[in-house]
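Residue numbers (our numbering): 6 to 466.
Backbone N, C-alpha and C fix where the C-beta goes; we use that ideal spot for every residue, glycine too.
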Amino acid sequence: MTKWRPDPSQLRRPAYLSLAEQIANAITDGKLSDGAQLPPHRKLADDLQLSVQTVSRAYDELSRRGLISGEIGRGSFVQTRPREPEPPYLPERLGEVIDLSILKPVCEQIHLEKLRQAFGWLSENLPSSSALSFRPNMVFPRHRTVATEWLARCGLDASPLNISLTNGATSGMTVALMSVAPPGSTIATEAISHHTLVPLCGYLGLHLEGLAIDNEGVMPEALDEACRTGPIRAIFLQPSVINPMAALMSTERRQALAAVAAKHDIAIIENDILGPLVENRPPPMAAFAPERTLYVTSFTKITVPGLRIGYLVAPDRYVAAVANRHLVSSWMATPAMAEIATRWVSDGTAMDLVNWQRRALAGRHAIAAEMLAGLSYRAHPQSLHVWLPLSGSHTEEGFVSQARLRGVAIAPGKSFHTADHGWTPAVRISLGSTTEGELRTGLGIVASLAQGNPEELLLAI
6 MTKWRPDPSQ LRRPAYLSLA EQIANAITDG KLSDGAQLPP HRKLADDLQL
56 SVQTVSRAYD ELSRRGLISG EIGRGSFVQT RPREPEPPYL PERLGEVIDL
106 SILKPVCEQI HLEKLRQAFG WLSENLPSSS ALSFRPNMVF PRHRTVATEW
156 LARCGLDASP LNISLTNGAT SGMTVALMSV APPGSTIATE AISHHTLVPL
206 CGYLGLHLEG LAIDNEGVMP EALDEACRTG PIRAIFLQPS VINPMAALMS
256 TERRQALAAV AAKHDIAIIE NDILGPLVEN RPPPMAAFAP ERTLYVTSFT
306 KITVPGLRIG YLVAPDRYVA AVANRHLVSS WMATPAMAEI ATRWVSDGTA
356 MDLVNWQRRA LAGRHAIAAE MLAGLSYRAH PQSLHVWLPL SGSHTEEGFV
406 SQARLRGVAI APGKSFHTAD HGWTPAVRIS LGSTTEGELR TGLGIVASLA
456 QGNPEELLLA I
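Right, dumping it as structure tokens:
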């Protein structure tokens, strides 16, 4: 049992968070070493004249931050060694929490009804190949042809022979990375990028290098410098609003990045899961560099979350690699989902739902503009979220914890951070994950926290 103890005179309200901060600082300062056992909940509560519940909440907060771990029957121990990264969103939705942490489209009864109708249609029209075949080439030729229609709406002219159906964007990203970069390779990306990219590259044995960004995304000179000073194999980009900062990259920037990629002969992996939802956008990177871009899009964020299907478009030189990597990682996309997506593209349902989503987002952004008035935040009319930089002495951990204490879950910016330089604390706030009423309430709480000082009240004990 460690000899270090928290100082009760330094406790502030909320007590559990203040206690957690003291213990966290002791770990950072080396006063508590890895493996050190913390006092039992009741003993520490008695020592500090706090409730057992307060100490339990403090330990839960430290566990959430990855600083301690609990072992049933043994106690709580300091854990400073790296562990699996936590997602930026709540793993499960709790009834009393307004969850603005997970990125999802606005959903209402119409989406459930559309999917129910689709499954009803499928029960009568499922082709034998989709039910009985193990061979992707036997199942998906028709689906790939229809996919070209959807990709044209995304601004991309693609051949069916270059299209793979995937179980959503994550599957497409994984296959694309495996296809262009063997283990040990380095992948470049935006300094603020996709939250699954860091762990995914780690699992695949890839190094990830975050590059300097501006209001449009990656700066071409940063990519050029990285390619000249190190063996960059590919760059992962999210140029069309889905990135955490909700930035829309200009045509000129896309052309400049395509030129740098061609100069150094590196691959481009483009994540474009909002597709035609974003109005008046430039063509995708794949249109400027079709010979080297692996393009990923999906239906999950723009139609119905349950429609977990997407497209991965690969240039000729990567087609065989994509087919092989997809085979060993997923075998093939789920045929039933592919049937629904193909029908919805053909009969116009998919685009109808995209247009519905665009209108719904307009209402959500109007609420955000009202409730966050006076705050400087980043958004796009078709973004599913806003990005709120934190000013003054606000820290991400403290801000997220204070919001959670007041019943609102938001995503910390560190979950999207891929570089050690140029970092400004921020949070991502989803606009589509709950009702309009809860969104208004949640944003009001976030705004009051952002506009106030992070000073804590003295604790009377």
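Once you ignore the five residues that flank L279 on each side, which residues in its own chain have a CB closer than 7 Å to its CB?
Taking the first residue of the sequence shown as position 1, residue 279 is located at position 274. Cβ contact annotation for L279 (same chain, cutoff 7 Å, sequence separation greater than five): S245, V246, I247, K306, I307, Q387, in chain order.
What's the gap between the Cα of P13 and the Cα of Q456?
Numbered from its first residue, the sequence shown carries residue 13 at position 8. Numbered from its first residue, the sequence shown carries residue 456 at position 451. Approximately 29 Å between the Cα atoms of the pair.
In whole angstroms, what is the alpha-carbon distance linking H385 and D51?
Taking the sequence shown and counting its residues from 1, the one referred to as residue 385 is at position 380. Taking the sequence shown and counting its residues from 1, the one referred to as residue 51 is at position 46. Straight-line measurement puts the Cα of D51 at about 51 Å from the Cα of H385.
Per DSSP, what kind of secondary structure is E66 in: helix, strand or coil?
Translated into positions along the sequence shown, residue 66 becomes position 61. Correct three-state label for E66: helix.
Can you list, in chain order, the stretches of the beta strand (DSSP E) that have 3 or more residues and sit fully within the segment 185–268?
Qualifying beta strand (DSSP E) stretches, in chain order: 191–195, 212–216, 237–242.
I'd like the ranges of any beta strand (DSSP E) spanning at least 3 consecutive residues and lying wholly in the segment 303–384.
315–318, all fully within the segment 303–384.
Is DSSP giving W392 helix, strand or coil here?
The count along the sequence shown starts at 1 and reaches residue 392 at position 387. Strand, per DSSP.
What span of residues does the alpha helix (DSSP H) with A291 cover, start to end?
Residue numbering aside, residue 291 sits at position 286 when the sequence shown is read from its first letter. Start and end: 290–293.
Continuous beta strand (DSSP E) stretch holding V83: start and end:
Within the sequence shown, the letter at position 78 stands for residue 83. Start and end: 80–83.
With the cut-off set at 8 Å, would you say A263 and A294 are in Cβ contact?
Walking along the sequence shown from the start, residue 263 turns up at place 258. Walking along the sequence shown from the start, residue 294 turns up at place 289. Yes, the Cβ-Cβ distance between A263 and A294 is below 8 Å.
Less than 8 Å between the C-beta atoms of A414 and L105, yes or no?
Position 409 of the sequence shown holds residue 414. Position 100 of the sequence shown holds residue 105. Going by C-beta atoms, A414 is nearer than 8 Å to L105.
Classification of E375 by the beta-carbon crowding that lies within 10 angstroms, buried from 16 upward:
Here the question's residue 375 lines up with position 370 in the sequence shown. With a threshold of 16 other beta carbon atoms within 10 Å, E375 falls short and is exposed.
In the DSSP assignment, what are the bridge partners of A73?
Locating residue 73 in the sequence shown gives position 68, counting from the first residue. The identity of residue 73 in the sequence shown is Ile, whereas the question assumes Ala. Within the DSSP secondary-structure output, I73 pairs in a beta bridge with V83.
Excluding the 5 residues preceding and the 5 following D277 in the sequence, name in chain order all residues of the same chain whose CB lies nearer than 6 Å to its CB.
Your numbering for residue 277 matches position 272 in the sequence shown. Cβ neighbours of D277 beyond the five flanking positions: S245, P289, T302.
Quick one: Cα of E154 to Cα of A343, how far?
Working through the sequence shown from its first residue, we reach residue 154 at position 149. Working through the sequence shown from its first residue, we reach residue 343 at position 338. If I take the Cα positions, the gap works out to 14 Å.
Residue environment, P44, which counts as buried when at least 16 other CB atoms sit within 10 Å:
Position 39 of the sequence shown, counted from the first residue, corresponds to residue 44. Buried: at least 16 other Cβ atoms inside 10 Å.
Among L454, A371, A292, which one has its Cα closest to the Cα of G412?
Position 407 of the sequence shown holds residue 412. G412 has its Cα closest to that of L454, out of L454, A371, A292.
Option nearest S134 by Cα separation, candidates P340, G177, D270, A157
Counting from 1 along the sequence shown, the entry for residue 134 is found at position 129. Closest option to S134, Cα to Cα, is P340.
Does the distance from the CB of N167 to the CB of V324 come in under 8 Å?
Here residue 167 is taken as the residue at index 162 of the sequence shown, counted from 1. Here residue 324 is taken as the residue at index 319 of the sequence shown, counted from 1. Contact flag set, yes.
Separation of A452 from L463, as counted between CA atoms
Here residue 463 corresponds to residue number 458 of the sequence shown, with the count starting at 1. Here residue 452 corresponds to residue number 447 of the sequence shown, with the count starting at 1. Residue placement at L463 is flagged as unreliable, the pLDDT there being 44, under the threshold of 50; the coordinate-derived value follows with that caveat. Using only the alpha carbons, I get a separation of about 23 Å.
What do you reckon, are the CB atoms on T201 and T171 nearer than 8 Å?
Translated into positions along the sequence shown, residue 201 becomes position 196. Translated into positions along the sequence shown, residue 171 becomes position 166. No, the Cβ-Cβ distance between T201 and T171 is not below 8 Å.
Straight-line CA distance for L16 to Q27?
Counted from its first residue, the sequence shown places residue 16 at position 11. Counted from its first residue, the sequence shown places residue 27 at position 22. Between L16 and Q27, the C-alpha separation is close to 8 Å.
Where DSSP assigns a beta bridge to T298, which residues make up the other side?
As a working note, residue 298 is residue 293 in the sequence shown. BP columns for T298 point to I273.
Judging by CA-CA distance, which residue of G397, A378, A431 is the nearest neighbour of G449?
Against the sequence shown, residue 449 aligns to sequence position 444. Checking every option, the nearest Cα to that of G449 belongs to A378.
On the DSSP bridge list, what partners appear for H422?
The sequence position of residue 422 within the sequence shown is 417, counting from 1. The partner list for H422 (beta bridge, DSSP) reads I197.
Do you know how far the Cα of V57 is from the Cα of Q42?
Taking the first residue of the sequence shown as 1, we reach residue 42 at position 37. Taking the first residue of the sequence shown as 1, we reach residue 57 at position 52. For Q42 and V57, the distance between alpha carbons rounds to 17 Å.
Test item: CB-CB of I274 and F304 under 8 Å
Counted from its first residue, the sequence shown places residue 274 at position 269. Counted from its first residue, the sequence shown places residue 304 at position 299. No.
Provide the residue(s) that pair with V432 in DSSP beta bridges, ordered along the chain.
To locate residue 432, count along the sequence shown from 1; it is residue 427. V432 pairs with L393, P417.
Alpha-carbon spacing of S190 relative to Q243, whole angstroms
On the sequence shown, residue 190 is found 185 positions in, with the first residue counted as 1. On the sequence shown, residue 243 is found 238 positions in, with the first residue counted as 1. Rounded to the nearest angstrom, the two C-alpha atoms are 20 Å apart.
Pick helix, strand or coil for Q54, following the three-state DSSP scheme.
Sequence index remark: in the sequence shown, residue 54 carries index 49 (1-based). Q54 falls in the coil class under three-state DSSP.
In terms of residue numbering, what span does the beta strand (DSSP E) encompassing L170 cover?
Taking the first residue of the sequence shown as 1, we reach residue 170 at position 165. For L170, the enclosing beta strand (DSSP E) starts and ends at 168–171.
Apart from the five residues just before and just after A261, which ones in its own chain have a Cβ nearer than 7 Å to its Cβ?
Translated into the one-based positions of the sequence shown, residue 261 becomes position 256. Counting only Cβ-Cβ distances below 7 Å, and skipping sequence neighbours, we find P225.
Within 8 Å, strictly: CB atoms of G111 and A365:
In the sequence shown, residue 111 corresponds to position 106, counting from 1. In the sequence shown, residue 365 corresponds to position 360, counting from 1. Checking the displayed sequence, the identity of residue 111 turns out to be Val instead of Gly. In contact: V111 and A365 (Cβ atoms closer than 8 Å).
Three or more beta-carbon pairs under 8 Å between the segment 146–153 and the segment 389–408, yes or no?
no
Spell out the partners DSSP gives I103 in its beta bridges.
As a position in the sequence shown, residue 103 is number 98, starting the count at 1. Paired residue(s): V413.
Is the separation between the beta-carbon of V350 and that of E401 shorter than 8 Å?
For the purposes of this step, residue 350 is taken as the residue at position 345 of the sequence shown. For the purposes of this step, residue 401 is taken as the residue at position 396 of the sequence shown. No. Outside cutoff.
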